[in-house]
Amino acid sequence: MLNETMLTLQGWVGGEVTLRHAGEAPVAGFRLAVTPRRFNRRSGEWGDGPTVWYSVNAWRGLADNVATSVRRGDPVVVHGRLTTSSWVNSAGVEVTSMEVDAVLVGHDLTRGTSSFARTPRPASGAAGAEEAAAGDGVAA
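First residue of the sequence shown? That's 1 in full-length UniProt numbering, and the numbers climb one at a time after it.
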């Protein structure tokens with residue numbers, strides 16, 4: 001992981017979140033639109049730059065939480081590993097796709113409010129049953 005490109009993106013969910021399975025692992029996917037906003041000193045006005053689209057994939061527990069929590073149009077922050085793929089499409093044009101394997105996804109609270117619900121941890125064995133009965137010691 002040392003030589004991977006990690007990045008943090010702030011943008012808007014551009015479509016519905018899809019949930020699929022890769023083997024036994026759930027994978028949530030969505031498109032993320034990132035549009036930079038810049039101030040033009042000459043005109044004294046703010047303007048939008050070109051929108052860049054990313055495909056975001058979230059795996060396992062994060063996938064389940066993303067599929068339950070994130071909707072089209074939501075402002076989100078995504079942190080993860082960037083990969084790019086290039087190919088020639090049927091029209092003979094080279095296309096480059098940017099994908100992010102998400103490590104974390106959350107609502108962008110500069111754009112609104114959100115409500116958090118902790119995901120219950122499954123109990124494992126006798127020690128897990130004792131912990132579940134006693135609680136996790138963290139105030140809700």
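The C-beta atom is built at its ideal place from N, Cα and C for all residues, glycine as well.
How would you call residue i, buried or exposed, if buried means at least 16 neighbouring beta carbons within 10 angstroms?
i	result
ALA22	exposed
ALA140	Annotation note: pLDDT 42 at ALA140 (below 50); position unreliable, coordinate value reported separately. Label assigned to ALA140: exposed.
GLY49	exposed
GLY47	exposed
ALA58	buried
GLU130	Reliability of the predicted coordinates at GLU130 is poor, the pLDDT of 49 falling under 50, and the value obtained from them is presented with this limitation in mind. Classification for GLU130: exposed.
VAL56	buried
LEU104	exposed
ALA123	exposed
residue 178	As shown, the chain starts at 1 and ends at 140. That puts residue 178 outside it, with no answer to give.
LEU109	exposed
GLU16	exposed
ALA25	exposed
LEU7	exposed
ALA117	exposed
ASP136	Only weak support is given to the placement of ASP136: the predicted model assigns it a pLDDT of 46, under 50, and the value that follows is read from those uncertain coordinates. Burial call: exposed.
GLY29	buried
Contact check, residue i vs residue j under 8 Å by CB: the rounded distance?
i	j	result
GLY106	VAL77	5 Å
VAL34	ARG71	Rounded, the Cβ-Cβ distance is 18 Å, inconsistent with contact.
ARG31	TRP53	6 Å
With residue i as the anchor, note down where its beta strand (DSSP E) starts and where it stops.
i	result
LEU62	Careful: LEU62 lies outside any beta strand (DSSP E), inside the alpha helix (DSSP H) at 60 to 69.
ARG81	75 to 88
LEU109	Element bounds for LEU109: n/a, residue is neither H nor E.
PHE39	37 to 40
GLY14	Taken as a continuous stretch (DSSP letters only), GLY14 belongs to no beta strand (DSSP E), as it is neither H nor E.
ARG31	25 to 34
Using a Cβ-based criterion (distance less than 8 Å to any ligand heavy atom), does residue i qualify as near the ligand ATP?
i	result
ALA28	In terms of ligand content, the structure shown is empty, and the ligand ATP therefore cannot be addressed.
At least 3 beta-carbon pairs within less than 8 Å: the region 111 to 121 vs the region 22 to 38:
The region 111 to 121 is not in contact with the region 22 to 38.
Does the count of Cβ pairs from the region 67 to 84 and the region 94 to 104 closer than 8 Å reach three?
Flag = yes, the region 67 to 84 and the region 94 to 104 touch.
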